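The numbers in the sequence shown follow the numbering used here, run straight up by one, and end at 337.
For every residue, glycine included, the Cβ atom is placed at its ideal position computed from N, Cα and C.
Model, not experiment: these values are computed from the prediction.
Down below is the structure, laid out as structure tokens.
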Amino acid sequence: MTLPNFLVVGAAKSGTTALYHYLKQHPQVYMGPTKETNFFAFEGQNIHFKGPGDEKISETAITDLEAYKEQFAGVCGEGAIGEASPWYLYSARSAENIHRHIPDAKLIIVLRNPAERAFSSYLHVARDGREHLTFKEGLLAEEERIEQGWEFIWHYQRTGFYAAQVGRFFDVFPREQVRVYLYDDLLANPMGFLKDIYVFLGVDPDFVVDTSLRPNATGIPKNRLLGKLLLQPNPLRSAMKALVPGEVRYGLSQRLNQRLLEKPRPDRETYAELLQSYKKDIRALQDLIGRDLSVWIAGQPL
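In structure tokens:
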């Protein structure tokens, strides 16, 4: 049975959901129906994360090889076969597991300013009603939460130390099989970003997709009651998921997010301290991937 020949491996909160849906539009690309199978992170494990709302990843992660192969049962002549699980980059096990099963896989990594990424991760769980601390308090609670077995999305700060994570993939795979992009490239020129990926995957580079829906909006609901009804897990949303096709649901979700969410700014002092903690790693990363990341270090968006 078919296995993928390319993977979008991360980073989380760096445009991977948008990329998954863009790639899904290309007629020569097959994307597995489940975004974030997390198979190569949790293969063979019985996972039970313990943070608020963590039961979702515990219940939806695919840990069995045969079940994972079923994700690609619908392949019908597409040349590029893939899936997107952004925790593969962060997981210490994924690079080796991927290489063991599909050593010739092409790998796509998208990286975002780590301080911005951390705040976006915080807003994601706050939006879903799972986080009740301030961003600063969440950062201070991070190590204790990790020790208690909370899932990766709560690892706000730790997820952003990219150099070692990218290095794991470079250690296992030939460099020509790994393509590293910046989230800022996706925002600035989505079609140019996608065209480069199409060339990398060996599919028609001139196919034009609908990029009107931009990467996942995160923020705090302007109206708490409406946000709880439309944005947080509840029976109504579960019923919609069962009835509405995935691509339609994604479009509706993005439009709702854009209308219902407001994006607060992090506390300046907290953000500056967080960015400072990343600077050594950012310098190591830019040497590793050959990209100038001085704008990240300066703390300004690219």
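Let's test the definition: count the other Cβ atoms within 10 Å of the Cβ of residue i and tell me whether it reaches 16, buried, or not, exposed.
i      : result
Ala53  : buried
Ser247 : exposed
Met226 : exposed
Arg300 : exposed
Pro336 : With a pLDDT of only 49 at Pro336, under the threshold of 50, the placement of this residue in the model should not be trusted, and no figure is reported.
Ser329 : exposed
Ala102 : exposed
Ala223 : exposed
Asp89  : buried
Gly67  : buried
Leu320 : buried
Glu182 : exposed
Output yes or no for whether 8 angstroms exceeds the beta carbon distance between residue i and residue j.
i      : j      : result
Gln60  : Val244 : yes
Ser120 : Glu71  : yes
Thr174 : Lys104 : At residue 174 the sequence reads Leu, which differs from the Thr that was named. Going by C-beta atoms, Leu174 is not nearer than 8 angstroms to Lys104.
Gly117 : Leu58  : yes
Trp185 : Lys85  : yes
Val44  : Leu142 : yes
Ile97  : Phe74  : yes
Val207 : Ile144 : no
Phe204 : Ala140 : no
Ala30  : Ser126 : Given a span of 36 to 337 for the chain in the structure shown, any question on residue 30 remains unanswerable.
Glu178 : Tyr191 : no
Leu236 : Phe228 : no
Tyr218 : Gly50  : yes
Ala46  : Leu124 : yes
With distances taken from CA atoms, which of the options is nearest residue i?
i      : options                           : result
Phe131 : Met226, Leu236 and Glu78          : According to the sequence provided, residue 131 is Glu. The question's Phe does not apply to it. Among Met226, Leu236 and Glu78, the Cα nearest to that of Glu131 belongs to Glu78.
Pro87  : Arg165, Lys298 and Pro301         : Arg165
Gln200 : Glu211, Phe154, Leu146 and Leu236 : Leu146
Pro209 : His134, Phe228 and His167         : His134
Phe107 : Arg193, Asp231, Tyr65 and Tyr197  : Tyr65
Gln63  : Leu320, Cys111 and Ile137         : Cys111
Ile82  : Phe187, Leu320, Val238 and Pro138 : Phe187
Val343 : Ile324, Ile181 and Lys230         : A query on residue 343 cannot be resolved here, the shown segment of the chain reaching from 36 to 337 and no further.
Leu310 : Arg193, Thr169 and Ile181         : Arg193
Lys298 : Ile137, Gln80 and Ala161          : Ala161
Trp122 : Ser156, Trp331 and Tyr313         : Ser156
Glu211 : Arg318, Lys314 and Pro138         : Pro138
Asp327 : Asn148, Ser312, Ile181 and Glu182 : Asn148
Phe154 : Ile232, Phe242, Lys315 and Glu308 : Glu308
Thr169 : Glu182, Trp189, Asp231 and Ile181 : Trp189
Lys109 : Arg180, Thr69, Gln80 and Asp239   : Note on identity: in this sequence residue 109 is Gly, with Lys being the wrong assignment. When each option's Cα is compared against that of Gly109, the closest is Thr69.
So residue i packs on residue j, CB below 8 angstroms; how close in whole Å?
i      : j      : result
Tyr55  : Ala150 : Incorrect: roughly 24 angstroms between the Cβ atoms, too far for contact.
Gly195 : Arg152 : 5 angstroms
Tyr302 : Lys171 : The sequence shown places Asp at residue 302, rather than the Tyr named in the question. The Cβ separation is near 6 angstroms, so the contact holds.
Should residue i be counted as a contact of the ligand FAD given a C-beta to heavy atom distance under 7 angstroms?
i      : result
Ile232 : Among the ligands in the structure shown, none appear at all, so the ligand FAD cannot be discussed.
What are the start and end residues of each continuous alpha helix (DSSP H) run of 4 or more residues lying completely inside the stretch 144-226, in chain order?
Taken in chain order, the complete alpha helix (DSSP H) segments of 4 residues or longer contained in the stretch 144-226 are 149-162, 170-182, 197-207 and 218-223.
Could you tell me which uninterrupted alpha helix (DSSP H) segments, each at least 4 residues in length, are contained entirely in the stretch 38-68, listed from first to last along the chain?
51-60
Contained beta strand (DSSP E) runs [length at least 3] in the stretch 80-157, N- to C-terminal order:
115-119 and 141-146
Uninterrupted alpha helix (DSSP H) stretches inside the stretch 308-336 (no shorter than 4 residues)
329-333
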